[in-house]
Structures are given as structure tokens and as C-alpha cells.
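Residues 1 to 47, numbered by this note's numbering, are exactly what the sequence shown covers, in order.
Think of the CB as a built atom: it goes at the ideal place given N, C-alpha and C, for glycine as much as any other residue.
These notes are about the structure you will find just below.
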Amino acid sequence: MTDTVITIPQLSLVLLVGPSGSGKSSFARKHFLRTEVISSDYCRGLV
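Written out as C-alpha cells, the structure reads:
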């Protein structure tokens, strides 16, 4: 696998969309701070 570089501007909203088990959470843990990630499960619990 080759590394891919993604440039994300400041103050951006990034959505990771895919089927269960596709690595969305793993990608988020690797590339973003814990304070930068909002789980849809958490948001569902607020409603």
C-alpha cells in the first residue's frame, strides 16, 4: 500500500463515510486528535 497525502484546510468539516468495519474509526484515530472527532453514536445519544 502506498501513502496518500491529503491536505485539509483549517476550519474544515471532514466526514468519513463507509460500511461498518471499513476502517473509518481507525483512520480518524490515526490522523485526527480526539478533540477533533465527533462520533455519530454520540450525537444519536443526544437526541
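Please state whether the Cβ-Cβ distance between residue i and residue j is less than 8 Å.
{"i": "residue 17", "j": "residue 28", "result": "no"}
Is DSSP giving residue i helix, strand or coil here?
{"i": "residue 20", "result": "coil"}
{"i": "residue 35", "result": "helix"}
{"i": "residue 3", "result": "coil"}
{"i": "residue 13", "result": "coil"}
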